[in-house]
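*Asks:*
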Amino acid sequence: MTRPPHAPSPLLGLLACAGLLLASCGGGSSISRNQAANAGTFQVESINMNDGDVWALNRPIVITFNHPVDPDSLGFSSILIRPVDPEVQGQPVTGSFYLRAGSEGRVVVFQPACPTDLQNANGAFVPGGYHYEIALPTVNSFGHAVVRDQAGHGLKIGLTRSFRTPIDPVEPLFIDTTVGPPRFAAVDPVVFPDGLNLFSAGGESAIEIRFNQSIDASPDNLNTDRLFVLYSDGEIGSGNENSFSPTNKVPGRLVLIDNCTPTGALIQFQIAGILPPNRNLQVRVSSDFQDLAGETNSQELASASHATPTLTAYYNDPNWNEADETVDEIVEDFSSSTFVDPTAALAFPPADFSTGSMTASFDFPGQPPPADHDFVLAGFATLDLDTSGTISFQDSNGRNFTMVDGVLEVDDFTIEENAVVTAHGDNPLIIYATGTVSILGVLDASGEDALTPQALSQPTVPEPGGAGGPGGGAGGDASYETATETLRGGSGTGAFGLGLGGGGGEGCVNWTSTGVVKNQGYSLIAGGGAGGQFAAGPNRAVTWDRWSGVANPDSHDDAGPDVRSDRHTHFATQADIEAYFTGAEDGKRGNSYQDSPLSPPPPLANNDDDYGGLGMEEQAYDEDANDRVDGFDPAWTTQATPPFKFGHPTNGPDPGFAQNPIFSGLVDDDFLGSRWNPYTGTRTEGELTAPWAGAGGGASGDASLVWRLDLDGDNFLDPLATFFPDANFPYGWTFRYWKGAPGGGGGGQVQILAVGPIILGPNCQLLANGGSGNGGESLGEGSTNLTRQVSGSGGGAGGHIILQSATGLDLSGIDVGTDPVNSPPAVAPEVCQALGGRRGWAYSEEITLSGGTPDGNSDFMIGRGGAGANGVIQVHVPEPATDIGWHPDAEAAILDYLRHGVVDGPIDTDRLEEMLDLYFEPRPYALIPDFAPKSQFQSKWIDTGLAGLRDPIPANDYPDYAHSLLAFQGISTTDGSVNRANSMVVPLAAIASGSNVGVNGASYSAHQVVLPNVSAAFGSITTARMFERNPALLVGYDFLPDSTGSATFEVVSASYNRAADRLTLTTLEADGSMLLAVNPGNPVWELRPKFFRIETSGQKARLPDSASVVFEFQGADEAVAGSGLPGTPTAWTSDLADLVGKRFLRYRVTFDINAGGGGVTVNSERPSLHLIKVPLVW
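The sequence shown stops at residue 1180 when you use the numbering used here, and every number in between is there.
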């Protein structure tokens, strides 16, 4: 039988049914290959990791699935890789996911990000044995994204693994994924850019360098000592085109683009400045350059050479003479702040950056009130301000004011003589004044002094610590337990209630079996409280000699100082004192008068011996100090080591300890803001990141005397624990109980920010002192003898006073004599204070002053409190040379000293603060204000690159920033000020002009003009050729369709058609349509050069008489050949001729919104700068 020609074979049909490509045969439906691949449960098949593995930092994690994976479902939300150990939980895992090639989409690889720091700790995983977990959630996991297959099925069977990172150096940190040292990649190993990297062409060229494997990206390896670009010794054709001296380094920086990828590493060498024409370039890899596993090459690698174009080729101009000079231009349009130096040592506040401009700043934070919103407090009036919440009040003139959370906004602010303003509360006291601030009376934001216990012989009644000033921490409470003994005095609180202040002293317990205790002063003294902490410098409270009020009790001290150089002659000089007493002081330990019993409990026969006290917390004697041997507070004379024993660290009544300072060890930067010293040219940034306040001092310990009896009749006193703590306190075994003293409050924060001057009068008292400590109850019957205090509390720290004025600080009413430099006044005025609080007293009668008055806070031995740390005072004025008013009798001597005897010389800020120390206590910091008439910005160093290699005229130096061919213009070369007339920037003379009519007339659209036969329009053929070869130089220039009109249109792009001799200019759309500016009555266009664009209040080229803009420039040679770093800079100059030949250039711009001298207001007009162009001939 004959079979039809296309009938299927039965065998073929059988084979097809047996295959896996069809789901059914014989009339059933078929499925696609993709459907077959995604059929069934989607699950993980395997992972290249076991639980507990040590995982190298760069080792890929490979996960195999049973279905092809949808790559869009991959990510850290569907594949969870996370740190487990809390030490690294703040550092998320980073890296990338991809599908392995050739795996049919079933194998997912996670490539950990490789580290780039010296510690190898900023990559995906942190070395050091830290634990991590990888988990793949499934469709049954609530709230998680899941991996999906290409059919959209979610993962149904996942997995979880845990692993840890290697521990260096016992375990290798990395795996070597490629055998051998790093080599250039086989494909596109080094790709050089076209062109010469001219600034006018964008100046952002980069060389791409590819390696065949991952490299060590730490700064020790990825640097231009190990990976660099060289240029040839000579031009191509000179015979030295293939010679590369090792110092012939092309300047630039390395940027890691890719690393730890399947193809290796990609690095960009971003070229800095101009490349030399007609030279060969080579990339070199030193033999020290390492791959990620640390392997290196045995010798230096070199890429194939790349020839840079000649200028003839670059300009595409066959008429170019290679010996001619050419022009480029440094351009800054402020499209980003990349080239603005945020670390520049500016003398004034920084100007404001916004995309496209830099604008004069005046960042006064207050809101302008009505002009007559003047606060006046008349003489003998008082006003208390609570900075918590909103309060309303009236001044002496009946004006109503509202203060919100401590912020008061006024025009003028005046406290007349004998008037008193006090402040307290949770928030700082901040006064914003758009006018003048006059403080002739008292403004007091101090912490409260601690009081002696008020509820005498009432051990269950707490003694509250002194309240802090506004924002300051409170002093610690004494005897705060109401149902039992207080084992340790309460700690003070930190500023704004954050953290702790000075630590409280431990209580002391002793015993009697007869009702008699010998030598109570040595047997019952408790630990002293510590001072509150703030500034870390020399503690001025210990040398202060003007204590008054509560801080100077007539019965047991004088007005200070508390350092007894007559008794402790080790402190013979101020330098000795300042070296020893820094920051807040610890309290002093409680007593340890007698030897401790060797075999407690003592026998009845010894029940009258006067043993030292025990610490309440651990009920142990201080065996490390024995007061009977040492004597009370022995003299410290010439020996370097003090004769005092400071006690066992835990046994006995321990002192309270001061908190660590918030500052580092140095005091030069213990402030908020920036300090500028014109004399040394140095700028220092302060450590504080926010205004602060003083912490409270710690309370001192209580003393308890308990009965100790032989209750079991064994002729030995029963253990002390039978009687202490007293289960029925204070009516059980307690014989007597004396309370310690509460701590002093921390000084508050006061900010006075004024647009006008701040005036401090001769009787001014601007205070943010810490509250002083005090003494606890006195030992003895009836507690009537106030000189046997059981312990002393800590003083609060001084607060934070910030005085800022955009106009100045007026001290002219304060008399300091005629020559305060050489003959300072016997009593310095010190009208502004932020002192720490005084030490609290303990057992004052044991030491007497020279006049016989008891003194209980100068000892080093037992019980007294610690002095609070200094506060911080800051004075911010724009220009101290002119903006601080001194008394007329002293002004000449002071200014001569500040200027080091040089007329109009720069002010030495160190000496300025020395002089201000007469008026302030502690010594203030003289700082740059946050708002001032002047503001500045400065560029980073601009490397012009290798432009200087060209030497077209051997007698000239290059680059030339002042060449007649093209140079920066529009300012005075004497002082750098922008040329101005009639409140407008003076335009420069036109460089080209032509007609708007005729066959060679310009043709216009709204924002574009075409200029035919343009070569004839320029003043010279040399000028014409310069712009024709590099029309980008015209960007920023002004085009005028009407040469006599006022409408100008800034060029934003330019192109030149050499064959047609046609120049096309596109102008800034914001300048409007040029069609509206064409004037048939004057059909002449004009092109004017412009090297900067200034606007004020939105008007182009406007510069009001009240403002000025000043340009200055600085240059430098390369520090060391091949280093690519600037060396010693020149002086700042406004004449660029001073910088000819300098490879490196930077500029500084100073805005002044009070250039007219009429004063500054919050509404003063502020000019902005939108463009800077600095030409260079090379």
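Even glycine gets a Cβ: it sits at the ideal position worked out from N, Cα and C.
Could you check the C-alpha separation between threonine 438 and alanine 756 for me, to the nearest Å?
*Replies:* Threonine 438 and alanine 756: Cα-Cα distance of roughly 7 Å.
*Asks:* Keeping to the same chain, check which residues put their C-beta closer than 7 Å to that of threonine 298; ignore five residues upstream and five downstream.
*Replies:* Pro183, Ser289, Asp290, Phe291 and Gln292, listed in sequence order.
*Asks:* Taking the alpha carbon of proline 129 as the point to measure from, which residue in Ala697, Val1122 and Thr167 has its own alpha carbon closest?
*Replies:* Comparing Cα positions, the closest option is Thr167.
*Asks:* Compare the beta carbon distance of alanine 928 and threonine 911 with 9 Å and say whether it is the shorter of the two.
*Replies:* The answer is yes: Cβ separation under 9 Å.
*Asks:* Assuming contact is defined by CB atoms lying nearer than 9 Å, are alanine 695 and proline 472 in contact in what I supplied?
*Replies:* For alanine 695 and proline 472, yes; Cβs fall inside 9 Å.
*Asks:* Counting only the same chain and skipping the five closest in sequence on each side, list residues whose C-beta sits under 6 Å from that of alanine 383.
*Replies:* Once the five neighbours on either side are set aside, the close Cβ partners of alanine 383 are Ser398 and Ala421.
*Asks:* Taking only three categories from DSSP, how would you classify methionine 360?
*Replies:* In the structure shown, methionine 360 sits in a strand (DSSP, three-state: E or B).
*Asks:* Out of Thr389, Thr312 and Pro555, point me to the one whose CA is closest to asparagine 199's CA.
*Replies:* If we check each option's Cα against that of asparagine 199, Thr312 comes out closest.
*Asks:* Is it buried or exposed, asparagine 512, if we count other Cβ atoms within 10 angstroms and call 16 or more buried?
*Replies:* Buried: at least 16 other Cβ atoms inside 10 Å.
*Asks:* Identify the continuous beta strand (DSSP E) that holds serine 394 and give its terminal residues.
*Replies:* Element bounds for serine 394: 392–396.
*Asks:* What is the DSSP secondary structure of tyrosine 316, reduced to helix, strand or coil?
*Replies:* Here tyrosine 316 sits in helix by DSSP.
*Asks:* Let me know if alanine 949 comes out buried or exposed under the rule of 16 or more other beta-carbons within 10 Å of its beta-carbon.
*Replies:* Buried, because 16 or more other Cβ atoms sit within 10 Å of the Cβ of alanine 949.
*Asks:* Thinking valine 423 and valine 444 are a contact (beta carbons under 8 Å), I'd like their distance in whole angstroms, please.
*Replies:* Sure, about 7 Å apart at Cβ, within 8 Å.
*Asks:* Using DSSP with H/G/I as helix, E/B as strand and the rest coil, what is leucine 1127?
*Replies:* Three-state result, leucine 1127: coil.
*Asks:* I'd like the list of long-range same chain contacts for proline 1085, defined as Cβ closer than 8 Å, with 5 residues on each side in sequence excluded.
*Replies:* Excluding residues within five positions, the ones whose Cβ falls inside 8 Å are Ser997, Asn998, Val999 and Gly1003.
*Asks:* Using alpha carbons as the reference points, say which of Ala1139, Pro935 and Ala808 lies closest to serine 1108.
*Replies:* For serine 1108, the nearest C-alpha among the options comes from Pro935.
*Asks:* For the alpha helix (DSSP H) holding aspartate 578, just list the boundary residues, first then last.
*Replies:* First-last of the alpha helix (DSSP H) with aspartate 578: 576–582.
*Asks:* Taking the beta strand (DSSP E) that alanine 869 falls in, what are its first and last residues?
*Replies:* That residue, alanine 869, is in no beta strand (DSSP E); it is neither H nor E in DSSP.
*Asks:* Assuming tyrosine 134 and valine 64 make a contact with CB atoms under 8 Å, what is their CB distance in whole Å?
*Replies:* The Cβ separation is near 16 Å, so there is no contact.
*Asks:* What is the C-beta distance between glycine 703 and proline 636, in whole angstroms, given that I count them as a contact (C-beta under 8 Å)?
*Replies:* Not a contact, Cβ separation roughly 23 Å.
*Asks:* For isoleucine 159 versus alanine 208, is the C-beta spacing smaller than 9 Å?
*Replies:* Contact: no.
*Asks:* Ordered along the chain, which non-local residues of its own chain (more than five positions away) have a Cβ less than 6 Å from that of threonine 392?
*Replies:* Only Val406 meet the Cβ criterion.
*Asks:* In terms of residues, what are the limits of the alpha helix (DSSP H) holding glutamine 971?
*Replies:* No alpha helix (DSSP H) contains glutamine 971, which DSSP labels as neither H nor E.
*Asks:* Looking only at DSSP bridge pairs, what is aspartate 151 linked to?
*Replies:* Val71, per the DSSP bridge assignment.
*Asks:* Are isoleucine 944 and phenylalanine 415 closer than 9 Å when you measure CB to CB?
*Replies:* Cβ atoms of isoleucine 944 and phenylalanine 415: not closer than 9 Å.
*Asks:* Touching or not, the stretch 1132–1139 and the stretch 1059–1069, by the rule of three or more beta carbon pairs under 8 Å?
*Replies:* The stretch 1132–1139, when compared against the stretch 1059–1069, does not touch it at the 8 Å Cβ threshold.
*Asks:* Excluding the 5 residues flanking valine 435 on each side, which residues of the same chain have their C-beta closer than 6 Å to its C-beta?
*Replies:* A small fix is needed here, since residue 435 is alanine in this sequence, not valine. Counting only Cβ-Cβ distances below 6 Å, and skipping sequence neighbours, we find Val412, Phe415 and Ala756.
*Asks:* Have a look at the DSSP bridge pairing and note the partners of methionine 405.
*Replies:* Beta-bridge pairing links methionine 405 to Ile393.
*Asks:* Please classify glutamate 418: does DSSP put it in a helix, a strand, or coil?
*Replies:* Coil.
*Asks:* Please specify which runs of the beta strand (DSSP E), each continuous and at least 3 residues long, are wholly inside the stretch 669–748, giving them in chain order.
*Replies:* Counting whole runs of 3 or more residues, the stretch 669–748 contains the beta strand (DSSP E) stretches 676–679, 684–687, 705–709 and 736–740.
*Asks:* If you compare alpha carbons, which of Gly978, Ile886 and Ala380 is closest to valine 1112?
*Replies:* Of Gly978, Ile886 and Ala380, the residue nearest in Cα terms is Gly978.
*Asks:* Jot down the residue ranges of each uninterrupted beta strand (DSSP E) in the stretch 854–933, minimum 3 residues, whole runs only, in chain order.
*Replies:* 874–878 and 927–929, all fully within the stretch 854–933.
*Asks:* How is the beta strand (DSSP E) around isoleucine 1052 delimited, first residue to last?
*Replies:* A small correction: the amino acid at residue 1052 is glutamate; isoleucine does not occupy that position in the sequence shown. Where glutamate 1052 is concerned, the enclosing beta strand (DSSP E) stretches over 1051–1059.
*Asks:* Going by alpha carbons, who is nearest to proline 370 out of Val669, Gly742, Ser202 and Ser1166?
*Replies:* Checked all of Val669, Gly742, Ser202 and Ser1166; the closest Cα to proline 370 is Ser1166.
*Asks:* Can you tell me which residues form a DSSP beta bridge with lysine 1102?
*Replies:* Answer by DSSP bridge pairing, in chain order: Glu1097.
*Asks:* Between the Cα of glutamine 113 and the Cα atoms of Gly266, Leu1036 and Val148, which residue gives the shortest distance?
*Replies:* Among Gly266, Leu1036 and Val148, the Cα nearest to that of glutamine 113 is on Gly266.
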